[in-house]
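Chemist: Structure provided below as structure tokens; questions to follow.
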Amino acid sequence: MANTYSQLYAHVIFAVKNREALIREEFKEELYKYISGIVNHKGQKLFAINGMPDHIHILLSLSPDCPLSELVREIKKSSNGFIKEKGLSKFPFAWQAGYGAFSIGASQISKVVNYIENQEKHHTKKSFEDEYRSFLENYQVDFKDEYLFEFFDN
Numbered sequence: 560m561a562n563t564y565s566q567l568y569a570h571v572i573f574a575v576k577n578r579e580a581l582i583r584e585e586f587k588e589e590l591y592k593y594i595s596g597i598v599n600h601k602g603q604k605l606f607a608i609n610g611m612p613d614h615i616h617i618l619l620s621l622s623p624d625c626p627l628s629e630l631v632r633e634i635k636k637s638s639n640g641f642i643k644e645k646g647l648s649k650f651p652f653a654w655q656a657g658y659g660a661f662s663i664g665a666s667q668i669s670k671v672v673n674y675i676e677n678q679e680k681h682h683t684k685k686s687f688e689d690e691y692r693s694f695l696e697n698y699q700v701d702f703k704d705e706y707l708f709e710f711f712d713n
């Protein structure tokens, strides 16, 4: 649409089904490159991607003609197929239903990139459940425990 200008940034978080630790160090870089390709192919920009064996964080910018829900659906569907096709996991792999998406401003990009790049260090102090709940609370997202990711830490 002519004369439409926007700059939208989203920090997206999603988990492996049942929060199983299936994203192994040996293939995570290949997986992240594949996901980056999906984002680029859709005409969007990826700023950072990283995670832990049981979940993933992505910071990206979106154009107004790309619904976030469709992009995340494509990322999860295609990367799931990629993992299976390449035989990257010795166990059945699937992403858990749902995801978290949190908007940020341009002034927060470097802070969020740093946060994503340092996931391993961050999770020595905080569990994924605590991290995810903190995001929901800090962004004032109404949620019900029964609809959150399946947490088995307790």
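Per our numbering, residue 560 is the first one in the sequence shown, and the count goes up by one each step.
Note that the Cβ used here is the ideal one computed from N, Cα and C, for glycine as well.
To the nearest angstrom, how far is the alpha carbon of Asn713 from that of Gly664?
Modeler: Taking the first residue of the sequence shown as position 1, residue 713 is located at position 154. Taking the first residue of the sequence shown as position 1, residue 664 is located at position 105. Its pLDDT being 44, under 50, Asn713 is placed unreliably by the model, and nothing is read from it.
Chemist: Since Lys635 and Trp654 are thought to touch, with beta carbons under 8 Å apart, how far apart are those beta carbons, to the nearest angstrom?
Modeler: Indexing the sequence shown from 1 puts residue 635 at position 76. Indexing the sequence shown from 1 puts residue 654 at position 95. Lys635 to Trp654, Cβ: 4 Å. Contact.
Chemist: What three-state label does DSSP hand Ile642 in the structure shown?
Modeler: Locating residue 642 in the sequence shown gives position 83, where the first residue counts as 1. Here Ile642 sits in helix by DSSP.
Chemist: For the stretch 634-680, list the beta strand (DSSP E) runs that are entirely contained and at least 3 residues long, ordered along the chain.
Modeler: Within the stretch 634-680, the complete beta strand (DSSP E) runs of at least 3 residues are 659-663.
Chemist: Nearest by alpha-carbon distance to Ile668: which of Thr563, Ser565, Asn562, His570 is it?
Modeler: The residue given as residue 668 occupies position 109 in the sequence shown. Checking every option, the nearest Cα to that of Ile668 belongs to His570.
Chemist: According to DSSP, is Asn713 helix, strand or coil?
Modeler: Working through the sequence shown from its first residue, we reach residue 713 at position 154. Caution is warranted here: a pLDDT of 44 is assigned to Asn713, below 50, making its placement in the model unreliable, and the coordinate value is therefore given only provisionally. DSSP places Asn713 in coil when its eight states are reduced to three.
Chemist: For Asn562, does the three-state DSSP call read helix, strand or coil?
Modeler: Taking the sequence shown and counting its residues from 1, one reaches residue 562 at position 3. DSSP places Asn562 in coil when its eight states are reduced to three.
Chemist: Looking at the unbroken beta strand (DSSP E) that takes in Lys604, where does it start and where does it end?
Modeler: Reading the sequence shown from its first residue, position 45 is the one you call residue 604. Here the beta strand (DSSP E) through Lys604 covers 604-611.
Chemist: Are the stretch 581-595 and the stretch 632-649 touching, with three or more C-beta to C-beta distances below 8 Å?
Modeler: Yes, they touch.
Chemist: Any idea what DSSP makes of Phe702, helix, strand or coil?
Modeler: The residue you call residue 702 lines up with position 143 of the sequence shown. Correct three-state label for Phe702: coil.
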